[in-house]
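Data block below; observations after.
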Amino acid sequence: MLKIDNINTFYGKIQALKNVSIEVSEGEIITLIGANGAGKSTTLMSISGIVPARTGKIYFEGQEISSLEPDQIVGLGISQVPEGRRIFPNLTVRENLDLGAFLRKDKAAIHKDLDMVFELFPILAQRRHQAGGTLSGGEQQMLAISRAIMGRPRLLLLDEPSLGLAPLIVQQIFEIITQINQENKTTIFLVEQNAYLALKIAHRGYVMETGTVTLTDTGANLMQNEEVKNAYLGV
Amino acid sequence: MNYFTEVVLSGLTRGSIYALIALGYTMVYGIIELINFAHGEIYMIGAFTALILASVLTIFGFNTIAILFLASIIAIVYSAMYGYTMEKVAYKPIRNSQRLSALISAIGMSMFLQNYVRIAQTSDFLPFPRIIPRFPWLSALPISMSSAQFMIFASTAVVMVLLTFLIKFTKIGKSMRAASQDKVMAKLLGVNVNKVISVTFIIGSATAALGGILISSYTGQINFYIGFLAGIKAFVAAVLGGIGSIPGAVLGSFVLGLTESLGAGYISSDYEDVFAFIILAVILIVKPAGILGKGQIEKV
Ligand SMILES: Nc1ncnc2c1ncn2[C@@H]1O[C@H](COP(=O)(O)OP(=O)(O)OP(=O)(O)O)[C@@H](O)[C@H]1O
Ligand SMILES: [Mg+2]
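Chains A and B, in that order, give the protein sequences. Be aware that the first sequence starts at 647, since it is given in our numbering, and climbs by one per residue. Be aware that the second sequence starts at 987, since it is given in our numbering, and climbs by one per residue.
Structure, rendered in structure tokens:
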């Protein structure tokens, strides 16, 4: 479904990604783990076209997307929940969700998805008229995921959804991610620092170090891998 | 009618015009944090275009109402295209450069447009036709208001209502608010931010042109330089209200308009133009973010 082919991405003169290649098949949950500054967020931003790769190509369902604008990439069915959630603070919860469906025209289906999201996270229904900036961290993460779901993506990119959340909320968020994958048939590309949780739900995983992919295997195998255990699982 | 009412009415007239111009300043700043110093020239170009159109339409024998509407609408559309093109030519290519580059480009654009009109037209004041017809029923009002003043108030009110509706409830309005809060996130949701910026310039230019046409038919004369002072004052009004805030721009415009008229009416009309700058100096010292502004603003 998604094929990242040998990309190199730069911030000015600083090279953040070196010859990165990653493939994602339809229906999978794949995870990308790595230390701070490894280049995980940059990988997602290159896919979304915010920080385009300088060399190399990215394909989505056979079509090259590495030269497209971000809004065109969203239009093809790739949504991202970026690091830090990036809720619009001065827009209401409902307006944030409406913007998630910005490119859609199927009004009836949008309404159904809104109901689904409110069922998934009842707290958002209660807070729908409240400004996004007034939500708690956990609620903002729920809103960020819901906003992305409102776009009905076929590939959902998630950047550290567990960051700064209490264990119970993290648990809930990960359950929902699995649910979205199984019920909505949405392919998931999950970036996480919490390697244990990520590898547990992922079919396959990639390990990234200073801009390069150093290891890839199934989630289960990576969890048994000595290097991964030492570096990321803290055992 | 007593002197005070007259002075207040004239202050509200000025305030309305400043508001129509300040909207463009504040909306553009809200989205790309640029002070578009060439914005006043769009106001001037709107007035000149309407003047030319009105003259041509008069030759062809159109009646007053037809001239008013045709000249205004075509001039507004034409000026909006100017604003759109200005952004594409002078600002978009340097959007990722330092802030100073955009500022210099804006000042350059302003000088270019002023001199272009000066050479293409004239540097003298030209009489502006009275395109606003007399409304006889206005004399029934307890306060005496000219038909031009009435048109200025009515148009400003309509523009404010339409704009509020647009920004609050429409899709483009929501994408404008989203882009002004977080451009990257707006892009990640499929918003074409370039388009949002273009629409912002188009709306701001259209309201400025409307202001230019209205004020010229009120004062009855124009030249290539009218956009400069009006632009600076509307900028002061936008800063006064809190740059980036639309209600702030409107509030700041009326505060400025009333201060100027009251100052000119009760202190001395020689210092009419000085009040704007006194207000600017005071607000920058007392509350740099403006009356309705939030947080710090960067000095430009
Ligand atoms: N806007 C930027 N300008 C310059 N350098 C940047 C920028 N964003 C990221 N970098 C650099 O690129 C490298 C990769 O950063 P990235 O954010 O992709 O890491 P990450 O794996 O997501 O880290 P974390 O786990 O801390 O989120 C880092 O060295 C970082 O300093
Ligand atoms: Mg990151």
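Here a beta-carbon is modelled for each residue, glycine too, at the ideal position from N, C-alpha and C.
Checklist entry - Sorted by chain position, which residues of the same chain lie with C-beta nearer than 7 Å to A/Glu838's C-beta, five sequence neighbours on each side aside? => result The count along the first sequence starts at 1 and reaches residue 838 of chain A at position 192. Closer than 7 Å at Cβ, skipping near neighbours: Thr677, Ile679, Glu806, Ser808 and Ala844.
Next on the checklist: Buried or exposed, going by whether 16 or more other CB atoms sit within 10 Å of the CB of A/Glu672?
Outcome noted: Indexing the first sequence from 1 puts residue 672 of chain A at position 26. When all chains shown are included, A/Glu672 counts as exposed.
Next on the checklist: Using a Cβ-based criterion (distance less than 7 Å to any ligand heavy atom), does A/Lys753 qualify as near ligand 1?
Outcome noted: The count along the first sequence starts at 1 and reaches residue 753 of chain A at position 107. A/Lys753 Cβ: outside cutoff for every heavy atom of ligand 1.
Next on the checklist: With a threshold of 8 Å between beta carbons, is B/Asn1178 in contact with chain A?
Outcome noted: Position 192 of the second sequence, counted from the first residue, corresponds to residue 1178 of chain B. So yes, B/Asn1178 belongs to the interface.
Checklist entry - Do three or more CB pairs link the segment 767 to 776 of chain A to the segment 736 to 753 of chain A at distances below 8 Å? => result yes
Item to check | Ranges of the beta strand (DSSP E) found wholly within the segment 648 to 679 of chain A, counting only runs of at least 3 | outcome: Entirely contained in the segment 648 to 679 of chain A, the beta strand (DSSP E) runs reaching 3 residues are, in chain order, 648 to 657 and 660 to 670.
Item to check | B/Ser1161: contacting residues in chain A (beta-carbon distance under 8 Å) | outcome: Within the second sequence, numbered from 1, the residue matching residue 1161 of chain B stands at position 175. Within chain A, the residues near B/Ser1161 are Leu745 and Phe748.
Checklist entry - Which ranges does the beta strand (DSSP E) cover as unbroken runs of at least 3 residues, wholly within the segment 669 to 748 of chain A, from first to last along the chain? => result Runs of the beta strand (DSSP E) inside the segment 669 to 748 of chain A: 675 to 680, 701 to 706 and 724 to 727.
Checklist entry - What first and last residue would you give for the alpha helix (DSSP H) that runs through B/Phe1151? => result Mapped onto the second sequence, residue 1151 of chain B falls at position 165. Counting along the chain, the alpha helix (DSSP H) containing B/Phe1151 begins and ends at Ser1133 to Phe1155.
Checklist entry - Around ligand 1, which residues pass a check of Cβ closer than 6 Å to any of its heavy atoms? => result A/Tyr657, A/Ile660, A/Ala662, A/Gly680, A/Asn682, A/Gly683, A/Ala684, A/Gly685, A/Lys686, A/Ser687, A/Thr688, A/Glu729 and A/Gln839
Checklist entry - Any idea what DSSP makes of A/Val763, helix, strand or coil? => result Walking along the first sequence from the start, residue 763 of chain A turns up at place 117. Helix, per DSSP.
Item to check | Proximity test, Cβ basis, 8 Å: B/Met1013 and chain A | outcome: Here residue 1013 of chain B refers to the residue found at position 27 of the second sequence. Cβ-Cβ to chain A under 8 Å: no for B/Met1013.
Checklist entry - Would DSSP call A/Ala812 helix, strand or coil? => result By 1-based counting over the first sequence, the position of residue 812 of chain A is 166. In this structure, A/Ala812 counts as coil in the three-state DSSP scheme.
Item to check | Supposed close pair B/Gly1243, B/Leu998 - CB separation, criterion 8 Å | outcome: Locating residue 1243 of chain B in the second sequence gives position 257, counting from the first residue. Locating residue 998 of chain B in the second sequence gives position 12, counting from the first residue. Indeed they touch by this definition, with Cβ atoms about 6 Å apart.
Item to check | Beta-carbon proximity of B/Ala1024 to B/Leu1089, cut-off 8 Å | outcome: Locating residue 1024 of chain B in the second sequence gives position 38, counting from the first residue. Locating residue 1089 of chain B in the second sequence gives position 103, counting from the first residue. Taking 8 Å as the Cβ cut-off, B/Ala1024 and B/Leu1089 do not qualify as a contacting pair.
Item to check | Assigned secondary structure, A/Glu873 (DSSP; H/G/I helix, E/B strand, else coil) | outcome: To locate residue 873 of chain A, count along the first sequence from 1; it is residue 227. It is helical.
Checklist entry - Under 8 Å between the Cβ atoms of B/Ser1141 and B/Leu1237? => result Within the second sequence, numbered from 1, the residue matching residue 1141 of chain B stands at position 155. Within the second sequence, numbered from 1, the residue matching residue 1237 of chain B stands at position 251. Contact flag unset, no.
Checklist entry - Where does A/Tyr852 sit, in a helix, a strand or coil, going by DSSP? => result Position 206 of the first sequence, counting from 1, holds the residue named residue 852 of chain A. Of the three classes helix, strand and coil, the one that applies to A/Tyr852 here is strand, per DSSP.
Next on the checklist: I'd like to confirm the pairing. Which residues does DSSP put opposite B/Pro1113 in its beta bridges?
Outcome noted: Numbered from 1 along the second sequence, position 127 holds the residue referred to as residue 1113 of chain B. In the DSSP output, where bridge partners are listed per residue, B/Pro1113 has B/Gln1207.
Checklist entry - Is there at least one Cβ from chain A nearer than 8 Å to B/Val1170's Cβ? => result As a working note, residue 1170 of chain B is residue 184 in the second sequence. Chain A, which has a Cβ nearer than 8 Å to the Cβ of B/Val1170, makes this yes.
Next on the checklist: With three or more C-beta pairs closer than 8 Å as the rule, is the segment 695 to 702 of chain A touching the segment 655 to 671 of chain A?
Outcome noted: yes
Checklist entry - Cβ of A/Glu806 versus every heavy atom of ligand 2: is any distance shorter than 7 Å? => result For the purposes of this step, residue 806 of chain A is identified with residue 160 of the first sequence, where counting begins at 1. Yes, since a heavy atom of ligand 2 falls inside the 7 Å radius drawn around the Cβ of A/Glu806.
Checklist entry - Leaving out five residues before and five after B/Ser1133 in sequence, what residues of the same chain have Cβ atoms less than 8 Å from its Cβ? => result The sequence position of residue 1133 of chain B within the second sequence is 147, counting from 1. Counting only Cβ-Cβ distances below 8 Å, and skipping sequence neighbours, we find Ile1118, Pro1119, Arg1120, Phe1121 and Leu1124.
Checklist entry - With a cut-off of 8 Å, do at least 3 Cβ pairs link the segment 741 to 750 of chain A to the segment 787 to 797 of chain A? => result Contact holds: three or more Cβ-Cβ distances are below 8 Å.
Checklist entry - A/Leu804 and A/Ile724 look like a contact to me (Cβ under 8 Å); what is the Cβ gap, rounded to whole Å? => result Reading the first sequence from its first residue, position 158 is the one you call residue 804 of chain A. Reading the first sequence from its first residue, position 78 is the one you call residue 724 of chain A. Actually they are not in contact, since the Cβ atoms of A/Leu804 and A/Ile724 sit about 12 Å apart, beyond 8 Å.
Item to check | CB contact below 8 Å: A/Ile696 versus chain B | outcome: For this step, residue 696 of chain A is matched to residue 50 along the first sequence. So yes, A/Ile696 belongs to the interface.
Next on the checklist: For A/Leu690, tell me which candidate among A/Lys649, A/Ile660, A/Gly658 and A/Gln709 has the shortest Cα-Cα distance.
Outcome noted: To locate residue 690 of chain A, count along the first sequence from 1; it is residue 44. Looking only at A/Lys649, A/Ile660, A/Gly658 and A/Gln709, the smallest Cα-Cα distance to A/Leu690 is reached by A/Lys649.
Checklist entry - Which chain A residues are close to B/Ala1164, counting only those with a beta carbon under 9 Å from its beta carbon? => result Indexing the second sequence from 1 puts residue 1164 of chain B at position 178. For B/Ala1164, the chain A residues whose Cβ falls inside 9 Å of its Cβ are Phe734, Leu737, Glu741, Asn742, Leu745 and Phe748, in order along the chain.
Checklist entry - Relative to chain B, which residues along the segment 696 to 725 of chain A have a C-beta separation below 9 Å, given in chain order? => result Ile696, Glu715, Pro716, Asp717, Gln718, Ile719, Val720, Gly721 and Ser725
Next on the checklist: Determine whether the beta carbon atoms of A/Leu801 and A/Gly784 lie at a separation below 8 Å.
Outcome noted: Within the first sequence, the letter at position 155 stands for residue 801 of chain A. Within the first sequence, the letter at position 138 stands for residue 784 of chain A. Contact: no.
Checklist entry - Whose C-beta lies closer than 7 Å to the C-beta of A/Thr688 among residues of the same chain, with five residues either side of it excluded? => result Taking the first residue of the first sequence as position 1, residue 688 of chain A is located at position 42. Closer than 7 Å at the Cβ level, and outside the excluded window around A/Thr688, lie Thr655, Ala662, Leu663 and Val697.
Checklist entry - Using Cβ-Cβ distances below 8 Å, what residues of the segment 789 to 805 of chain A are close to chain B? => result Within the segment 789 to 805 of chain A, the residues whose Cβ lies closer than 8 Å to any Cβ of chain B are, in chain order, Arg793 and Gly797.
Item to check | Backbone secondary structure at B/Asp1256 - three-state DSSP | outcome: Counted from its first residue, the second sequence places residue 1256 of chain B at position 270. Helix at B/Asp1256.
Checklist entry - Which word fits B/Gly1190, buried or exposed, when buried means at least 16 other C-beta atoms lie within 10 angstroms of its C-beta? => result Indexing the second sequence from 1 puts residue 1190 of chain B at position 204. Answer is buried; the Cβ neighbour count reaches 16.
Item to check | Opening and closing residue of the beta strand (DSSP E) in which A/Glu838 lies | outcome: Numbered from 1 along the first sequence, position 192 holds the residue referred to as residue 838 of chain A. It spans Thr833 to Glu838 - the beta strand (DSSP E) in which A/Glu838 sits, taken as one unbroken run.
Item to check | N- and C-terminal bounds of the beta strand (DSSP E) containing A/Val943 | outcome: No information on residue 943 of chain A is available, as it lies outside the stretch 647 to 881 that chain A covers here.
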